[in-house]
Structures are given as C-alpha cells and as structure tokens.
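Asker: Handing you this structure, nothing more for now.
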Amino acid sequence: MALAVSVRFDFLDDKGKTSFTKLRVPTGFSIAQYAEFGIAMAQFIANISSCQVTNGSVTFGIDLSGLGMKTVAGVLADVAQKGYFAFASAVTGFKKRLRIPTFDEAKTVAGSDGIDTVDAGIAAFTTAMTNGIVVTAGTIQPSTERGQDLTALSDAREVFLKHTG
Amino acid sequence: MALTYTITYTFTDDSGDSATTAINVPTTFTLAQYTEFVRGMAAFIDDIVSGVVSFADFTIGVDLSGLTANTVAATSDVEEVDSFKFLTAAGRPVLIKIPGTTEADVVANSDALDQVDTEIAAFITAMVTGVAVTGGTISPCDVDSESIASLVYAREEFRASGKRR
Numbered sequence: 024m025a026l027a028v029s030v031r032f033d034f035l036d037d038k039g040k041t042s043f044t045k046l047r048v049p050t051g052f053s054i055a056q057y058a059e060f061g062i063a064m065a066q067f068i069a070n071i072s073s074c075q076v077t078n079g080s081v082t083f084g085i086d087l088s089g090l091g092m093k094t095v096a097g098v099l100a101d102v103a104q105k106g107y108f109a110f111a112s113a114v115t116g117f118k119k120r121l122r123i124p125t126f127d128e129a130k131t132v133a134g135s136d137g138i139d140t141v142d143a144g145i146a147a148f149t150t151a152m153t154n155g156i157v158v159t160a161g162t163i164q165p166s167t168e169r170g171q172d173l174t175a176l177s178d179a180r181e182v183f184l185k186h187t188g
Numbered sequence: 004m005a006l007t008y009t010i011t012y013t014f015t016d017d018s019g020d021s022a023t024t025a026i027n028v029p030t031t032f033t034l035a036q037y038t039e040f041v042r043g044m045a046a047f048i049d050d051i052v053s054g055v056v057s058f059a060d061f062t063i064g065v066d067l068s069g070l071t072a073n074t075v076a077a078t079s080d081v082e083e084v085d086s087f088k089f090l091t092a093a094g095r096p097v098l099i100k101i102p103g104t105t106e107a108d109v110v111a112n113s114d115a116l117d118q119v120d121t122e123i124a125a126f127i128t129a130m131v132t133g134v135a136v137t138g139g140t141i142s143p144c145d146v147d148s149e150s151i152a153s154l155v156y157a158r159e160e161f162r163a164s165g166k167r168r
C-alpha cells in the first residue's frame, strides 16, 4: 500500500511563536484536488484555532526505487561537504543557488575548489537544470523560487558547512 | 497562488548524518509528470554525490488567501492545543494536535472540547468522513493510507514552551 500524502499547516500566536500540525491523506488524487482539500481543511482548522494559519503545504513522497542509484554511502561521504551551484535566470539578478550534500570530491578540478563542469556527470546535471528534463508530454525546467527559468550556470564550486556531528 | 513547487532531496552520508537540497519547478504539470522529473533528476544527482539520495519529496503550497476569520486572537498560544485522537477501521490511532485552543470551545469544568460546537463538529466530521473536492472526496487517514473511522477523544492539552534563544 502506498504511503500517505502529508498535509501540513503552520500557526502563529499573538506572542510571535510558531508551531505546526500534520495530517495524512491517501494517494490517488490530482494536484488540484489536493489543493482544494488543503484550502477546505485550512478553513476548518482556522475556525477552531485562536492562532493564525500562516502556511499550508501538501507533500508527496516520491518512490526512488528501480533507478539503480547507490544504496550505500561512500566511505568518504560527508553531508557537510557540498557542491555549490549557482544558476542565472531569465531575469537579471534572480538566481537559483543550491548546495548538494555529500558532493563527490573527485569531480573537482585538481588544485582548486572549482567543480569540473566538463565531467560527464556534472555536465548532465547542469544541463538538466538549465534545459529541463523531458517527461511524458512535456519538459519540466527548474526555476528560481519566483518561477524564472534557469538559463546558465554562473558558479560551481566545492564548499563546506559547519558540522559538529 | 504558488510561484513554484519545491522538490526536496535528502542525502545520507557514511556517518548516518543527513542533509537536504531543494529544486524549484513551475506549477503547470501533473503529479505523474512531476514524479518522472523527480526520479530523472535524482539519477543525475546520484552521479555527482558520494552519499545516498535517501528520500525525495514533492511539495505544493496551499493558497490561504481566501480564508476567513484567520487572524491571531489576543492571548492565543501555540502551546495550548486542541488534541484529537481518531481510530482507523483497523483500530490504529491517529493523533492530531491543533495549536491555539479557543477557550470558548472547552466544556466548563472539564478539559473536553465541546463536540456540539458547530466549528469543532465540522472539523471532526471533515476528519472522519472526508472533504468533498471536485470529482471525489479526500478522507484523512493514517500513514499507511487507512481511512479514519471514528473519534476517541477531543480535549484541550498543553505543550511545554521551548527555550528562549
């Protein structure tokens, strides 16, 4: 049986404190139907809460089985070691930045923290980010948080974040 | 209206630590198409990391702009919660805690929520019988997608405040 879809609502009280609640609903409906449910349930909840409902979201777990991906982490894998990628968008000044944890250090340029953009794996990833991925009856192209299409890679380097274990 | 939807990938390293990264995509595709995209991008990412891509979540925002009576009441506290316990048909418990109890909804000399109150009753009905959406009804369930069948209790509870920072 498929795992349920998660619906989350966030709350704010008059002291500025925040909290959230989650409920589950079954799989098998469309995005529009889940959105409709989310709005209706948010109203039911707003009617009984003295807090304000500040955010609502519906999250679907995606099955990654059958892709032939790694099932065991490499012995040198560290979540604090990231591949930092910045992409320019169709609108000047709006960028998409992401840091990919456990970045494979073999994909950096020797004697540098620059990511080897000629490497086949890196090139395939950056192409997917800028040109999109072909899906049935369309192509989905990643965007900035504000929806602008990504047009070109502007920065790619290895970075580390503080991690105290 | 949501500007984009968000895909979150979770990574695990060889120490068992985890971290995430997020990609934004436009809002005009179907759930099946997004699933294809998430799986395709996961494979590209797997090729450039040394850790394991352990989870992928696809999240849509719920548009709350049309809610009514969704304001922060004076004296509201996120620690004061409406606590509901439901059972599925197989007797599995489903607990939902809604931050911000409205004191008027609590039965006098009791911690029970007034199930005769119109808004409390409407929420319980939505949880047990579902919410009608275009072309169907979405019924809340447990994590294994088993529908909620009955209410066990509805009462006021309190959570501990977190530490101030």
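Line by line, the protein sequences are chains A and B. Just so you know, we're using the numbering used here here: the first sequence kicks off at 24 and counts up by one. Just so you know, we're using the numbering used here here: the second sequence kicks off at 4 and counts up by one. A virtual CB, placed ideally from N, CA and C, is assigned to each residue, including glycine.
I'd like to know if the region 108-124 of chain A and the region 156-164 of chain A are in contact, where contact means that at least 3 CB-CB pairs between them fall below 8 Å.
Answerer: Proximity of the region 108-124 of chain A to the region 156-164 of chain A falls short of the contact definition, fewer than three beta-carbon pairs being nearer than 8 Å.
Asker: Quick one: give me the first and last residue of the alpha helix (DSSP H) that T121(B) is part of.
Answerer: In the second sequence, residue 121(B) corresponds to position 118, counting from 1. Per DSSP, T121(B) belongs to the alpha helix (DSSP H) from 121-132.
Asker: For the candidate residues I51(B), V97(B), A115(B), A59(B), whose alpha-carbon lies nearest to that of T104(B)?
Answerer: Against the second sequence, residue 104(B) aligns to sequence position 101. Checked all of I51(B), V97(B), A115(B), A59(B); the closest Cα to T104(B) is A115(B).
Asker: Which of the residues in the region 51-72 of chain A, read from start to end, lie with their CB under 8 Å from any CB of chain B?
Answerer: F52, S53, I54, A55, Q56, Y57, A58, E59, F60, G61, I62, A63, M64, A65, Q66, F67, I68, A69, N70, I71, S72
Asker: Residues of the region 93-118 of chain B with a CB closer than 9 Å to any CB of chain A: list them in chain order, please.
Answerer: V97, I99, K100, I101, P102, G103, T104, T105, E106, D108, L116
Asker: Report the neighbours of T132(B) on chain A: residues whose CB is nearer than 7 Å to its CB, in chain order.
Answerer: What you label residue 132(B) is simply residue 129 of the second sequence in a count that begins at 1. Chain A residues near T132(B): none, gap ~12 Å exceeds 7 Å.
Asker: Under the DSSP definition of a beta bridge, which residues are partnered with Y156(B)?
Answerer: Within the second sequence, numbered from 1, the residue matching residue 156(B) stands at position 153. In the DSSP output, where bridge partners are listed per residue, Y156(B) has K88(B).
Asker: Using the three-state DSSP reduction, which class does T38(B) fall into: helix, strand or coil?
Answerer: Numbered from 1 along the second sequence, position 35 holds the residue referred to as residue 38(B). Residue state, collapsed to three classes: helix.
Asker: Inspect the beta-carbon positions of I71(A) and I123(B) and report whether they are closer than 8 Å.
Answerer: One-based indexing of the first sequence puts residue 71(A) at position 48. One-based indexing of the second sequence puts residue 123(B) at position 120. A contact, by the Cβ cut-off of 8 Å.
Asker: For chain A, is any of its Cβ atoms less than 8 Å away from the one on L154(B)?
Answerer: Within the second sequence, residue 154(B) is the residue found at index 151, counting from 1. Not closer than 8 Å to any Cβ of chain A, the Cβ of L154(B) fails to qualify, so no.
Asker: Taking E106(B) as the reference, which of V97(B), D120(B), I99(B) has the closest Cα?
Answerer: On the second sequence, position 103 is the one that residue 106(B) refers to. The option with the nearest alpha carbon to E106(B) is D120(B).
Asker: Between V53(B) and chain A, is there a C-beta pair that is closer than 8 Å?
Answerer: For this step, residue 53(B) is matched to residue 50 along the second sequence. According to the sequence displayed, residue 53(B) carries Ser and not Val. Chain A, which has a Cβ nearer than 8 Å to the Cβ of S53(B), makes this yes.
Asker: Output needed in chain order: residues of the region 100-120 of chain A with a Cβ under 9 Å from some Cβ in chain B.
Answerer: A100, D101, V102, A103, Q104, K105, G106, K119
Asker: Grab me the residues of L35(A)'s own chain with a C-beta within less than 8 Å of its C-beta, minus the 5 sequence neighbours each way, in chain order.
Answerer: Start at 1 with the first residue of the first sequence, and residue 35(A) comes out as number 12. The answer, listed in chain order, is T41, C74, Q75, T77.
Asker: Check for me: the alpha helix (DSSP H) holding I138(A) runs from which residue to which?
Answerer: Mapped onto the first sequence, residue 138(A) falls at position 115. It is not in any alpha helix (DSSP H) - I138(A) carries neither H nor E in the DSSP assignment.
Asker: Indicate whether at least one CB of chain B lies closer than 8 Å to the CB of V81(A).
Answerer: Counted from its first residue, the first sequence places residue 81(A) at position 58. Yes, V81(A) counts as interfacial toward chain B.
Asker: Return the first residue and the last residue of the beta strand (DSSP E) that I51(B) is part of.
Answerer: Taking the second sequence and counting its residues from 1, one reaches residue 51(B) at position 48. No beta strand (DSSP E) contains I51(B), which DSSP labels as neither H nor E.
Asker: Do S80(A) and P29(B) have their C-beta atoms closer together than 8 Å?
Answerer: Residue mapping note: residue 80(A) aligns to position 57 of the first sequence, counting from 1. Residue mapping note: residue 29(B) aligns to position 26 of the second sequence, counting from 1. No, these two residues do not count as a Cβ contact at 8 Å.
Asker: Work out the CA separation of T13(B) and Q104(A) for me, nearest whole Å.
Answerer: In the first sequence, the residue the question calls residue 104(A) occupies position 81. In the second sequence, the residue the question calls residue 13(B) occupies position 10. If you take the alpha carbons of Q104(A) and T13(B), they lie about 14 Å apart.
Asker: Go ahead and label N112(B) buried or exposed: buried means 16 or more other beta carbons lie within 10 angstroms of its beta carbon, across all protein chains shown.
Answerer: As a position in the second sequence, residue 112(B) is number 109, starting the count at 1. Answer is exposed; the Cβ neighbour count stays below 16.
Asker: Kindly say whether E168(A), judged by its beta-carbon, lies nearer than 8 Å to any beta-carbon of chain B.
Answerer: In the first sequence, the residue the question calls residue 168(A) occupies position 145. Chain B contact via Cβ: present.
Asker: So the candidates are L34(B), S21(B), F126(B); which of them puts its Cα closest to the Cα of G84(A)?
Answerer: Working through the first sequence from its first residue, we reach residue 84(A) at position 61. The option with the nearest alpha carbon to G84(A) is L34(B).
Asker: Decide if S53(B) is buried, meaning its Cβ has at least 16 other Cβ atoms within 10 Å, or exposed.
Answerer: Locating residue 53(B) in the second sequence gives position 50, counting from the first residue. Result: buried.
Asker: Considering only residues of the same chain and omitting the five flanking positions on each side of A22(B), which have a CB-CB separation below 7 Å?
Answerer: Against the second sequence, residue 22(B) aligns to sequence position 19. Scanning its chain for C-beta atoms nearer than 7 Å, with the 5 sequence neighbours on each side dropped, one finds around A22(B) the residues F14, in chain order.
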